[in-house]
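J.:
Residue numbers (this note's numbering), protein chains in the order written: chain A, 1 to 214; chain B, 1001 to 1257.
#1: Our contact map puts residue 185 of chain A next to residue 105 of chain A with C-beta atoms below 8 Å; I'd like the distance itself, whole angstroms only.
#2: Using 8 Å as the cut-off, classify the Cβ of residue 1030 of chain B as near or not near the heavy atoms of the ligand FMN, replying yes or no.
#3: Which stretch, first to last residue, makes up the alpha helix (DSSP H) that contains residue 995 of chain B?
#4: For residue 14 of chain A versus residue 50 of chain A, is the C-beta distance shorter than 9 Å?
#5: Can you give me, in chain order, the residues of the stretch 1109-1130 of chain B that have a beta carbon less than 9 Å from any beta carbon in chain A?
#6: Which residues, taken in chain order from the stretch 84-106 of chain A, show a beta carbon closer than 7 Å to some beta carbon of chain B?
#7: Per DSSP, what kind of secondary structure is residue 1195 of chain B in: helix, strand or coil?
#8: Taking the Cβ atom as the reference point for each residue, do residue 132 of chain A and residue 117 of chain A lie within a distance shorter than 9 Å?
#9: Answer yes or no: does any C-beta atom of chain B fall closer than 9 Å to that of residue 109 of chain A?
#10: Below 7 Å CB to CB, which residues in the same chain sit around residue 1254 of chain B once its five sequence neighbours on both sides are set aside?
#11: With residue 1014 of chain B and residue 1229 of chain B assumed to form a contact (beta carbons below 8 Å), what rounded beta-carbon distance in angstroms separates them?
#12: Hey, how far is the Cα of residue 194 of chain A from the Cα of residue 83 of chain A?
#13: Taking a Cβ distance cut-off of 7 Å, strictly less, list which residues of the stretch 121-147 of chain A are near chain B, in chain order.
#14: Count the C-beta pairs between the stretch 1149-1159 of chain B and the stretch 72-89 of chain A that are closer than 8 Å, then say yes if the count reaches three, no if not.
#15: What are the residues of the stretch 197-209 of chain A that lie near chain B, defined by any Cβ-Cβ distance shorter than 9 Å?
#16: Could you pull out every unbroken alpha helix (DSSP H) segment of at least 4 residues lying fully inside the stretch 66-90 of chain A, listed in chain order?
#17: Using a Cβ-Cβ cutoff of 9 Å, what residues of the stretch 1088-1105 of chain B are near chain A? List them in chain order.
#18: How is the beta strand (DSSP E) around residue 1138 of chain B delimited, first residue to last?
#19: DSSP three-state label for residue 1072 of chain B, please.
#20: Using a Cβ-Cβ cut-off of 9 Å, state whether residue 1043 of chain B counts as contacting chain A.
#21: For residue 1152 of chain B, decide whether its Cβ has a neighbour in chain A, counting only Cβ atoms nearer than 9 Å.
#22: Could you give the residue range of the alpha helix (DSSP H) that holds residue 39 of chain A?
#23: List the residues of chain A that residue 1074 of chain B touches, going by C-beta distances under 8 Å, in chain order.
#24: Could you compute how far the alpha carbon of residue 176 of chain A sits from the alpha carbon of residue 1002 of chain B?
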């Protein structure tokens, strides 16, 4: 039973829109917190984030939230990571040096390939409405299949390369390269796209996710 | 296989004080109405992004945008880019807190290019849009950078400035042709072609849309996104008209379902 949804506020990115979209998509109370106790005892955690990997991890560490997030995950309660919030699920990142991540989904964050398969230069950051392909439906969340061929707003220069292929749930095509779009295992789901910025489809995604987590 | 994301169709709203306005060549302003009301309509109609530009903020050294941004972000769930009168990191922080996703900087970046680097370091390059107002020089084959909404010339060359901006960390360029702006005579295709071939970040073309073929021309020139203003504000076109035109020309755009 999800009594409320908690957004982790660690000073990174636009919490305003994430909060508003959850308010519209769900009738649960939405809490915003940077207190470890609230986060480890939350029913449903949303980890947003925009910017640099190292900065985000440092902010979580300074506010003593790394352990709290891991505690929440260990209890088997649902967590949604959005954009950078999803990338920091990784073991580590190669963005501006080497940084450790939360390490709750094994893998590495690295730069999006700058060349298409036909050797043409690809523009980076990728900015646009990426058409989703669902690679694996291993995760017990059937509505993710509904995202197939749907366009969701995506903006990034780095991507999450998962170590275990069954943690890769969705991707999109960029110049013939498969770019990671959705990762997950058990109670953990991470999306590269911004559901809070993807119009009605994004709101519907949030609604279905919360419902399926009940 | 696709080498580009779907082309984005952006609704551009120039704001003066509390009003949505529209001019020609960034001059001769006409009041149209409440910016939020229009932004919400464009969101409902399927715009890919909303762009707010406070066009007198740099003249008076203040911005009215915060309150409008806050009201708008309550009800639209697509990216919101905001520009006009942003001078420092505090201004950026306030706009992001109010619900903006990206900031567009022109005048302050020209005065102090290191601001581009400071913003992209702190908030990521995806947040830092360099806004360039370009006017053809008398030789007709080069462009000069203007600031303060087309009021001040700078001696800066547009192509050089675009490259410098990207090097400093701009993640996207918004390029407005002062010559074409508000004329409905088509975009400055050559300008966008030159810049788009020079830089490896997305380029938003702004200024000049008036008829269907202009969309095809500017996408062929290399625009990654296209901004529409008076065509939408005066209800000459709706977003779904623009989507239809795109599909007639086989231009990839987001499909809403």
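The beta-carbon is built from N, C-alpha and C at its ideal position, and this holds for glycine as well.
T.: For this structure:
#1: 6 Å
#2: Although the ligand FMN was asked about, the structure shown includes no ligands whatsoever.
#3: Residue 995 of chain B lies beyond the range of chain B shown here (1001 to 1257); nothing can be said about it.
#4: yes
#5: 1121, 1122, 1123, 1124, 1125, 1126 and 1127
#6: none
#7: Note: residue 1195 of chain B maps to helix in three-state DSSP.
#8: In this structure, residue 132 of chain A lies away from residue 117 of chain A, with their beta-carbon atoms at least 9 Å apart.
#9: For residue 109 of chain A, no Cβ of chain B is located within less than 9 Å of the residue's own Cβ.
#10: 1006 and 1048
#11: 7 Å
#12: 7 Å
#13: 121, 122, 123, 124, 125, 126, 127, 128, 129 and 130
#14: no
#15: Against chain B - using a Cβ distance shorter than 9 Å - the residues of the stretch 197-209 of chain A are 197, 198, 199, 200, 201, 202 and 203.
#16: 66-74 and 84-87
#17: 1096, 1097, 1098, 1099, 1100, 1101 and 1102
#18: Segment: none, residue 1138 of chain B is in no beta strand (DSSP E) and carries neither H nor E.
#19: helix
#20: yes
#21: no
#22: 36-40
#23: 20
#24: 7 Å
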